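Undergrad: Got a structure here, written out as structure tokens. Questions coming.
There are 2 protein chains.
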Amino acid sequence: MAGEQVSVQIEALKNFCVKIFQKLDVPEQDATIITDVLAAADLRGIPSHGVARLRRYVDGLRSGIMLAHPQVKTVVETPSTATIDAGAGLGQPVAYAAMKKAIEKARTVGSGFVTVRNSNHYGIAGYYAMMALPHDCIGISMTNADVLVAPTFGRNAMMGTNPIAVAAPAGNERPFVLDMATSTVPRGKLEVYDRLSKAMPLGWATDERGVSTKDAHLVLENFKKRAGGGLLPLGGEGEMFSGHKGYGLGMWVDIFCAVLSGAAYANMVYPKDADGKPLPANLGHFFGAWRLDAFRPADEFKAAMDDLQRRFKEAPRAQGQERIYIHGEKEYEATERYLAEGVPLDPKVADDLKALGKELDVTYEL
Amino acid sequence: MAGEQVSVQIEALKNFCVKIFQKLDVPEQDATIITDVLAAADLRGIPSHGVARLRRYVDGLRSGIMLAHPQVKTVVETPSTATIDAGAGLGQPVAYAAMKKAIEKARTVGSGFVTVRNSNHYGIAGYYAMMALPHDCIGISMTNADVLVAPTFGRNAMMGTNPIAVAAPAGNERPFVLDMATSTVPRGKLEVYDRLSKAMPLGWATDERGVSTKDAHLVLENFKKRAGGGLLPLGGEGEMFSGHKGYGLGMWVDIFCAVLSGAAYANMVYPKDADGKPLPANLGHFFGAWRLDAFRPADEFKAAMDDLQRRFKEAPRAQGQERIYIHGEKEYEATERYLAEGVPLDPKVADDLKALGKELDVTYEL
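Top line first, the protein sequences correspond to chains C and Z. First residue of the first sequence: 58, per our numbering; consecutive thereafter. First residue of the second sequence: 58, per our numbering; consecutive thereafter.
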């Protein structure tokens with residue numbers, strides 16, 4: 058029976074997830090990385106990308122779409138760049154390795170960039186951008202994704218919510234962490250409105266004609282049936298509020314992640330064979346790091362970051378508003394709270410974890 | 058008397074501008090670069106950043122805010138990065154040199170990035186990103202700018218329209234050229250609505266309380282009086298349509314251009330002295346280049362870019378729509394038309410150019 062929302066200790070949750078992956082023959086080191094990325098999403102208040110997704114990874118490993126022991130190869134390399142073929146492995150371990158390589162290159166020549174092809178869903182983009190922070194680097198991370206977003210003036214979804222994450226260190230203030238889908242809202246937001254039978258604002262998504270609609274249920278059904286329509290890019294429908302900019306940001310991500318790496322792009326990700334059986338997703342990612350002191354002494358940069366943030370946080374607020382946020386601030390506060398009080402777990406997700414535990418003979422004691 | 062819209066030949070217009078700059082002691086090479094950037098804006102259909110701005114550069118040079126013979130210094134350098142102090146010179150020549158340096162570094166180590174501090178208005182961001190194209194590189198260019206945009210939940214403008222430009226080569230198709238302000242619309246759009254006494258859509262700009270308004274005239278008056286309010290970031294007011302993402306993109310640009318280079322950031326650009334006299338703007342820019350074949354053979358990349366573009370252009374259109382555009386396409390088409398038929402010049406701008414010609418003893422024969 059689905060009960061109330063529960064809170065769980067993050068370490069117990071992580072131990073459980075690592076064991077699940079190990080049962081599916083994922084090496085411990087990789088299992089630990091994947092779990093850490095999932096847990097980071099839950100800790101940052103982005104449960105859609107957290108352990109709620111464990112089932113999908115399990116399914117991917119079982120069906121052979123995601124390989125536990127992929128052949129990972131660096132196919133091109135220069136002093137400041139590289140391209141890695143992930144061999145249809147899980148997204149997180151190769152993404153982690155790629156970002157590490159980008160940071161190493163930044164340490165050596167000032168900046169470093171690594172693209173990845175033939176990969177899978179890698180979790181939250183922000184995780185990898187934030188890996189740069191302890192190295193006094195600015196980090197960037199992008200990925201393409203399942204086809205959900207319609208281009209400006211287009212009827213059908215042609216690309217993913219293609220997120221961009223940028224993380225920059227600060228001194229006494231918290232780092233700046235921008236982690237944004239290039240669509241106006243994610244699919245999860247439509248699911249919430251659908252559950253509540255609430256009308257969406259116009260400008261989030263389109264119906265099968267490619268026209269903005271308030272009907273979240275219709276859009277989600279159309280997704281399932283591939284009947285047309287999609288999420289709208291940041292800026293909404295048409296050009297009135299500059300939806301073409303969000304569309305352009307999404308295409309930029311697709312170019313850097315997939316065209317540059319040799320992965321599948323646009324609506325070619327998550328292909329199927331002639332019988333409709335899913336083939337490896339062939340997603341692409343892009344990672345980068347810039348060393349602060351390759352431009353300016355790191356302490357000067359951090360002092361200016363502190364001042365920049367304070368100027369915004371202490372600025373006069375719009376009527377009726379209580380607070381001006383810096384990007385990443387809400388997520389850092391969520392992490393602090395959840396580490397102290399436990400991570401909230403949706404009862405449906407908790408039930409599914411229990412079921413996974415039974416299926417794979419892993420004790421669920423959270 | 059202000060007459061009808063005129064069309065002028067671009068070469069004649071450029072010759073005139075170069076002579077104007079030379080009369081103000083700008084070296085011929087620099088005058089040619091500045092003029093080329095201004096002309097590129099007119100040719101690409103962005104007249105707000107074209108020769109219409111000539112007067113502002115003239116004023117800047119006359120008042121000493123922009124120096125014709127600045128001391129330009131490279132202050133930090135690594136194999137893939139550099140920071141340049143522009144010495145309060147004009148923005149275009151140092152931006153041109155910085156982007157060239159980024160491309161050279163990309164040729165040597167795979168990618169290159171150059172920040173610039175102590176600079177001035179540099180024209181259209183896209184110009185510099187596009188410099189990468191003939192070198193088989195992807196280019197990026199960003200700049201901070203005069204304070205016009207309010208952060209999400211903030212009452213007052215705290216940053217510029219901080220544009221991002223990304224240019225990527227293609228094969229048979231035209232290059233992808235994204236060149237976008239991170240605000241929903243530019244100030245120029247409000248000026249058009251003000252002239253027509255037309256109500257703006259809510260979500261473009263805020264009044265002195267920081268609340269979305271339809272009154273373009275009010276917003277523009279408030280700008281002049283520094284009375285509060287501002288343009289809204291891409292995504293509009295609050296978080297309903299993800300205005301916080303546009304705000305984050307704008308802050309990203311400020312961090313890369315100004316915090317990283319040591320330029321003025323947030324609302325500190327265009328400072329004034331104790332008597333209210335303008336001081337050098339101290340703007341910052343960021344330039345970068347990634348060599349295609351540092352990731353993948355260039356011909357493979359270009360073939361995939363062609364295919365990507367065709368997929369979008371040939372995709373089904375939303376009801377009532379005639380065409381799906383690729384970023385840069387409209388501007389390439391404008392350039393072709395204007396090169397053949399002459400560049401349209403607003404009569405007011407033509408009059409101002411004539412007046413400048415008289416003031417500086419340069420023949421105006423366009």
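For every residue, glycine included, the Cβ atom is placed at its ideal position computed from N, Cα and C. Note that the structure is predicted; figures quoted are calculated from it, not measured.
(1) Less than 7 Å between the beta carbons of C/GLY148 and C/HIS178, yes or no?
(2) Which residues of the segment 307-322 of chain C have a Cβ closer than 9 Å to any Cβ of chain Z? Give them in chain order.
(3) Along the chain, where does the alpha helix (DSSP H) containing Z/ALA360 start, and where does it finish?
(4) What do you reckon, is the C-beta of C/PHE369 under 6 Å from a heavy atom of the ligand COA?
(5) With a cut-off of 8 Å on the beta carbons, I'd call C/LEU289 and C/THR270 a contact; round off their distance for me.
(6) Taking C-beta pairs closer than 8 Å, name the residues in chain C that Z/SER64 reaches, listed in chain order.
(7) Which whole-angstrom value is the C-beta distance of C/THR218 and C/GLY300, which I expect to be below 8 Å?
(8) Flag C/HIS384 as yes if its beta-carbon sits less than 7 Å from any beta-carbon of chain Z, otherwise no.
(9) Looking at chain Z, is there any beta carbon in it that lies within less than 7 Å of the beta carbon of C/MET58?
(10) Between C/TYR184 and C/ALA97, what straight-line distance do the alpha-carbon atoms span, to the nearest angstrom?
(11) Please decide whether Z/ILE197 counts as near chain C, where near means a Cβ-Cβ distance under 7 Å.
(12) Just grab the DSSP bridge partners of Z/TRP347 for me.
(13) Is it right to say C/ALA158 is buried, meaning 16 or more other beta carbons lie within 10 angstroms of its own, or is it exposed?
(14) Relative to the C-alpha of Z/ALA238, which candidate in C/LYS302, C/GLU390 and C/GLY293 has its C-alpha closest?
(15) Under 7 Å Cβ-Cβ, which residues of chain C neighbour Z/GLY144?
(16) Is DSSP giving C/ASN175 helix, strand or coil here?
(17) Which residues mark the beginning and the end of the alpha helix (DSSP H) in which C/GLU248 is found?
(18) At least one CB of chain C closer than 7 Å to the CB of Z/PRO208: is that the case?
(19) Quick one: Cα of Z/ARG394 to Cα of Z/LEU100, how far?
(20) By the 10 Å Cβ neighbour count, where 16 or more other Cβ atoms means buried, how is Z/SER120 classified, buried or exposed?
(21) Please report whether the beta-carbon of Z/SER120 lies at a distance below 7 Å from any beta-carbon of chain C.
(22) For a contact defined as C-beta to C-beta under 8 Å, what are the partners of C/LEU124 on chain Z?
(23) Could you tell me whether any Cβ in chain C is nearer than 7 Å to the Cβ of Z/PRO136?
(24) Use the C-beta contact count for C/PRO232: other C-beta atoms within 10 angstroms, 16 or more gives buried, fewer gives exposed.
(25) How close, in whole Å, do the beta carbons of C/ARG353 and Z/LEU317 come, if the pair is a contact with beta carbons under 8 Å?
(26) How about Z/GLY228: is its C-beta nearer than 7 Å to some C-beta of chain C?
(27) Report the residues of the segment 228-261 of chain Z with a CB closer than 7 Å to any CB of chain C, ordered along the chain.
(28) Kindly say whether C/MET215, judged by its beta-carbon, lies nearer than 7 Å to any beta-carbon of chain Z.
(29) I want to see whether chain C comes within less than 7 Å of Z/ARG394, judged by CB atoms only; does it?
(30) Of all Cβ atoms in chain C, is any one closer than 7 Å to the Cβ of Z/LYS329?
(31) In terms of residues, what are the limits of the beta strand (DSSP E) holding C/VAL400?
(32) Over the uninterrupted alpha helix (DSSP H) stretch that includes Z/ASP93, give me the two end residues.
(33) Out of curiosity, what's the CA-to-CA distance linking C/ILE160 and Z/MET215?
(34) Which residues in the same chain have their Cβ closer than 6 Å to the Cβ of Z/TYR250, if we skip the five residues on either side of it in sequence?
(35) Could you please tell me which residues of the segment 341-358 of chain C, in chain order, have their CB closer than 9 Å to any CB of chain Z?
(36) According to DSSP, is Z/MET58 part of a helix, a strand, or is it coil?
TA: By the coordinates alone:
(1) yes
(2) MET308, TRP309, ASP311, ILE312, PHE313, ALA315, VAL316, LEU317, SER318, GLY319 and TYR322
(3) 355-370
(4) No copy of the ligand COA appears in this structure; indeed no ligand is present at all.
(5) Not a contact, Cβ separation roughly 10 Å.
(6) Those within 8 Å of Z/SER64 in chain C number zero; the least Cβ separation is about 26 Å.
(7) Not a contact, Cβ separation roughly 14 Å.
(8) yes
(9) Residue placement at C/MET58 cannot be trusted, given a pLDDT of 44 that sits under 50; what the coordinates show is reported in the next sentence. So no, C/MET58 is outside the interface.
(10) 7 Å
(11) no
(12) Z/SER168 and Z/ILE195
(13) For clarity, residue 158 of chain C is Lys in the given sequence; the question names Ala instead. Burial call: buried.
(14) C/LYS302
(15) By Cβ distance, chain C contributes nothing, its closest Cβ being about 17 Å from Z/GLY144, past 7 Å.
(16) strand
(17) 244-252
(18) yes
(19) 9 Å
(20) exposed
(21) no
(22) Result: empty, since nearest Cβ-Cβ is about 23 Å, beyond 8 Å.
(23) yes
(24) buried
(25) 6 Å
(26) no
(27) PHE233, LEU235, MET237, THR241, VAL242, PRO258 and GLY260
(28) yes
(29) no
(30) no
(31) 400-402
(32) 85-100
(33) 32 Å
(34) MET257 and ALA273
(35) GLY345, TRP347, ARG348, LEU349, ASP350, ALA351, PHE352, ARG353, PRO354, GLU357 and PHE358
(36) Bear in mind that the predicted position of Z/MET58 carries a pLDDT of just 44, short of 50, making it too unreliable to give a figure here.
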